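First up is the structure itself, then whatever we jot down about it.
2 protein chains.
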Amino acid sequence: MDHLHQTFSVRFTYSVYFTEQLFDSTNSLLADFFSQQATAETRKKLLVVIDSGVVSTHPNLPATITSYFSQHADSVELVTDFLILPGGEIAKNDPDSVEKIVDAVDRHGIDRHSYVAAIGGGSVLDLVGYAAAISHRGIRHIRIPTTVLSQNDSGVGVKNGVNYKGKKNFLGTFVPPVAVFNDSQFLTTLDERDWRAGVSEAVKVALIKDKAFFEWIEQNAEALAARDMTAMQYLVHRCADMHLQHIAGGDPFEMGSSRPLDFGHWSAHKLEQLTNFEIRHGEAVAIGIAMDSLYSQQLGWLSETDTNRILTTLRTLGFVLYQPMLDADNSAGVLKGLSEFREHLGGQLTIMLLKDLGRGVEVHEMDADRIRQAIATLREQESLTLQPALSGQ
Amino acid sequence: MDHLHQTFSVRFTYSVYFTEQLFDSTNSLLADFFSQQATAETRKKLLVVIDSGVVSTHPNLPATITSYFSQHADSVELVTDFLILPGGEIAKNDPDSVEKIVDAVDRHGIDRHSYVAAIGGGSVLDLVGYAAAISHRGIRHIRIPTTVLSQNDSGVGVKNGVNYKGKKNFLGTFVPPVAVFNDSQFLTTLDERDWRAGVSEAVKVALIKDKAFFEWIEQNAEALAARDMTAMQYLVHRCADMHLQHIAGGDPFEMGSSRPLDFGHWSAHKLEQLTNFEIRHGEAVAIGIAMDSLYSQQLGWLSETDTNRILTTLRTLGFVLYQPMLDADNSAGVLKGLSEFREHLGGQLTIMLLKDLGRGVEVHEMDADRIRQAIATLREQESLTLQPALSGQ
Chain S
13 MDHLHQTFSV
23 RFTYSVYFTE
33 QLFDSTNSLL
43 ADFFSQQATA
53 ETRKKLLVVI
63 DSGVVSTHPN
73 LPATITSYFS
83 QHADSVELVT
93 DFLILPGGEI
103 AKNDPDSVEK
113 IVDAVDRHGI
123 DRHSYVAAIG
133 GGSVLDLVGY
143 AAAISHRGIR
153 HIRIPTTVLS
163 QNDSGVGVKN
173 GVNYKGKKNF
183 LGTFVPPVAV
193 FNDSQFLTTL
203 DERDWRAGVS
213 EAVKVALIKD
223 KAFFEWIEQN
233 AEALAARDMT
243 AMQYLVHRCA
253 DMHLQHIAGG
263 DPFEMGSSRP
273 LDFGHWSAHK
283 LEQLTNFEIR
293 HGEAVAIGIA
303 MDSLYSQQLG
313 WLSETDTNRI
323 LTTLRTLGFV
333 LYQPMLDADN
343 SAGVLKGLSE
353 FREHLGGQLT
363 IMLLKDLGRG
373 VEVHEMDADR
383 IRQAIATLRE
393 QESLTLQPAL
403 SGQ
Chain C
13 MDHLHQTFSV
23 RFTYSVYFTE
33 QLFDSTNSLL
43 ADFFSQQATA
53 ETRKKLLVVI
63 DSGVVSTHPN
73 LPATITSYFS
83 QHADSVELVT
93 DFLILPGGEI
103 AKNDPDSVEK
113 IVDAVDRHGI
123 DRHSYVAAIG
133 GGSVLDLVGY
143 AAAISHRGIR
153 HIRIPTTVLS
163 QNDSGVGVKN
173 GVNYKGKKNF
183 LGTFVPPVAV
193 FNDSQFLTTL
203 DERDWRAGVS
213 EAVKVALIKD
223 KAFFEWIEQN
233 AEALAARDMT
243 AMQYLVHRCA
253 DMHLQHIAGG
263 DPFEMGSSRP
273 LDFGHWSAHK
283 LEQLTNFEIR
293 HGEAVAIGIA
303 MDSLYSQQLG
313 WLSETDTNRI
323 LTTLRTLGFV
333 LYQPMLDADN
343 SAGVLKGLSE
353 FREHLGGQLT
363 IMLLKDLGRG
373 VEVHEMDADR
383 IRQAIATLRE
393 QESLTLQPAL
403 SGQ
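Respectively, the protein sequence lines represent chains S and C. Per the working numbering, the first sequence starts with residue 13, numbered consecutively. Per the working numbering, the second sequence starts with residue 13, numbered consecutively.
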């Protein structure tokens, strides 16, 4: 058989920086990054896309960024025409969002050696990462995540994506950023729900990989709920580190049958959709973790004590572990999430469950009755939690 | 400075197969490929997109493919609802083309472990490769190029792309195919222009890398013009091999300042656009090669003898080396292609010229007067070539 065989490897490298007040004129981190990347022959530009939610809580941000680069003007050429886009899952449904970014790339002459930076939550990072990945076959992309969830999870990873005709992340690519800047100052202005929502990804990764980290979260759950920044900085750093290790140690672009660092996610994706994204990703993941922990207990894999430690930790963090749409038990309900998850993975269903705190194991089928039992337990516990409050009125 | 550093490599591997009558029931090459890729846990599907131009000359192709996979049904599950799309550069301007492919991926449940095969010329391969790259963050993509140009050049490479608001390949990615099948039988039905057009990429790569290959083309130019299939098969194989070697030996995804295997292309891209793609890519490249060879001669780098060998070889192959739009010498003319090429490369202009047959060298500027002189020479030579024919009427 006459053929030519081609093999090559492509090396990807990037850093995740932890800082405070990234755009303070005395913080040279970002300017230093651009200076180190500079080359004699080309003048590189920087296009900045900002989440409108971030601009609402930080109205001076565009001016601050402009001021920063006027003081560090030799590092990169800032495009002062900022692109401000709405965030949230709904924004990923709008085809115009990507087009606006691509048009800005075109209008400002951003080439393959220039940069597009995204400042915002996971949705804006996903949108901008995708637009950067497809423009000129890939523009250098910088992520400046502003939420707990994006700083410790999606923002440090290699995926991007947008929804297509309502299908979550139907369009997307695997392209690493050239750098990630995690500025903890952005976390101080998050509302309660967004502060909390990101913590569930830390619980998830701890439960499947690192018992000691779970116990740290358990011990610090009250501090985290009380918005202790030192605790949150540790959590974000540890979680980002584990996420990076998982990517590098595995199959970064998921070309084989390897799967992402998932636990409690199959139902979470569906629950988000069923509630029309009124429930946030992290809130849905907390419920998904609770469900799959109870399922693991039913299998005899997790003790009642350990299961309760998980549920108590999640509740101490402030999560509500039941949502009425869980009981939409028909062909369009949460159970349908199982078959959709199978399709998303491509072929075989693979779900992570727990054999112990810190020890995830994969299974290839789940029993609908056991899932319903886990949901029933959560419904019952939640009504008991609420009862005293109601009777006390 | 607090940071985490991430580094990983991703390995890409694929084969380029040379065959005849790929879909003949007795040719097991394709079925064997799918069987080797099969895994126990998943049933993989195959969606086939065909260039409408190919269907015109091979009206039985869909039926032949259906018949092939009914006889090799255990290798893969064929989606018998073929997607037939127009080819040519114009098709890459139409945003609906990508949407049609993505919708078919969705409709037929093609997941990341399934395949999308494209049968056609370079434009359809580019379109399908792009749609496959962005669907589900990348579906396995198979190329079955049907033109000389796509079999020896673009079809074996790692790029895809579509035009955006008239800008050539403004959207695209670097994603290798999982396999390429070059079926020489498709070449027999090409019209004269498409048969010839692909040869100019072989002349290009020979001139900058391999004098012996150029001399082979020179000696076989009449045979190639007379559609000698043995000569063409050798040319396609040698050219594909050099193209693969260039990719693997360099910077496959062009992340640094490395550039593609280009010569004679800066003007060719512009000339295609100026003629509204009436001139084909390979025809424009032949003119571009002639121009930049004459330019190299003006610099004293290439002898008059060698320059004439190049021009004579191109003319023996059947190329016309002048096009009136070359003289649209204003801000919208071919010279504008220089600045657009600079922008496309990102930053510094880099143009390949010739120091000798088989030896390309890069320069970072070109002189407008010398370019005009090269154009004038081509105009004059072409009028001399045409004169006897006209006076003989």
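We put the beta carbon where it would ideally sit given N, CA and C, even for glycine. Please read all numbers here as calculations on a predicted model, not as lab measurements.
In the pairwise beta carbon analysis, the region 46 to 65 of chain S is classified as touching the region 113 to 132 of chain S: at least three pairs are separated by under 8 Å.
Under the criterion of beta carbons closer than 8 Å, C:Ile-62 and C:Val-117 do not qualify as touching, at roughly 15 Å.
Around the C-beta of S:Asn-232, 16 or more other C-beta atoms lie within 10 Å, and the residue is accordingly described as buried.
Contact annotation: C:Arg-149 and S:Phe-186 have beta-carbon atoms nearer than 8 Å. Counting along the chain, S:Lys-180 sits inside the beta strand (DSSP E) bounded by residues 179 to 183.
Inside the region 186 to 223 of chain C, DSSP marks whole beta strand (DSSP E) runs of 3 or more residues at positions 191 to 195, from first to last along the chain. In this structure, S:Ile-301 and S:Leu-326 form a Cβ contact; the two beta carbons are roughly 7 Å apart against a cut-off of 8 Å.
In terms of Cβ geometry, C:Leu-97 and C:Ser-64 form a close pair [threshold 8 Å].
Spatial neighbours of S:Leu-41 in its own chain (CB-CB distance under 8 Å, excluding positions within 5 residues in sequence) are listed in chain order as Tyr-29, Thr-31, Leu-34 and Phe-193. Judged by DSSP secondary structure, S:Ala-143 falls within the alpha helix (DSSP H) whose first and last residues are 134 to 146. A contact between stretches requires three or more CB pairs, one per stretch, nearer than 8 Å, and the region 252 to 262 of chain S meets this requirement with the region 151 to 169 of chain S.
If you look at C:Val-160, you'll find it in the alpha helix (DSSP H) that goes 160 to 164. One finds Arg-149 in chain C with Cβ atoms closer than 9 Å to the Cβ of S:Lys-171, taken in chain order.
Beta-bridge partners of C:Lys-171 (DSSP): C:Phe-186. A Cβ-Cβ distance of about 19 Å is found for the pair C:Ser-162 and C:Phe-331, leaving them out of contact under the 8 Å criterion. Considering only beta carbons, the part of the region 17 to 29 of chain S lying closer than 9 Å to chain C consists of His-17, Gln-18, Thr-19, Phe-20, Ser-21, Val-22, Arg-23, Phe-24, Thr-25, Tyr-26, Ser-27, Val-28 and Tyr-29, in chain order. Taking 8 Å as the threshold, the shortest C-beta distance from C:Gly-121 to chain S falls below it. DSSP, reduced to helix, strand and coil, places C:Pro-71 outside both helices and strands of the structure shown, so it counts as coil.
Residue environment: C:Val-91 is assigned as buried (16 or more neighbouring CB atoms within 10 Å of its CB, all protein chains considered). Taking C-beta atoms as the reference points, S:Cys-251 and S:Ala-191 fail to come closer than 8 Å. The secondary-structure analysis by DSSP pairs C:Gln-18 across a beta bridge with S:Tyr-26. Listed along chain C are Tyr-176, Phe-182 and Leu-183, each with a C-beta nearer than 8 Å to that of S:Val-114. Boundaries of the alpha helix (DSSP H) harbouring C:Lys-112: 107 to 119, taken from the DSSP string. Between S:Ile-154 and chain C, the shortest Cβ-Cβ separation is not below 8 Å.
With 16 or more other Cβ atoms inside 10 Å of its own Cβ, C:Thr-389 counts as buried.
At a cut-off of 8 Å between beta carbons, C:Lys-282 makes no contact with chain S. Using a 10 angstroms sphere on the CB of C:Lys-180, the tally of other CB atoms reaches 16 or more, which defines it as buried. S:Ile-156 places its beta carbon 8 Å or farther from that of S:Ile-122. Taking a cut-off of 8 Å for Cβ pairs, the region 357 to 373 of chain S and the region 273 to 292 of chain S touch, as three or more such pairs fall below it.
In this chain, the beta strand (DSSP E) harbouring S:His-153 covers 152 to 157. In this structure, the CA atom of S:Ser-315 is about 49 Å from the CA atom of S:Asn-39. Beyond the five residues adjoining it in sequence on each side, C:Thr-158 comes within less than 7 Å, by CB distance, of Asp-63, Val-66, Ile-131, Gly-132, Gly-133 and Phe-198 in the same chain, given in chain order. Interface criterion met: the Cβ of S:Asp-14 is under 8 Å from a Cβ in chain C.
Pairing C:His-255 with S:Glu-284, the inter-Cα distance amounts to about 47 Å. Taking the Cα of S:Phe-225 as reference, the smallest distance to any Cα among S:Ala-238, S:Val-248 and S:Met-241 is reached at S:Val-248. The beta carbon of C:Lys-179 falls within 8 Å of a beta carbon belonging to chain S, placing the residue at that interface.
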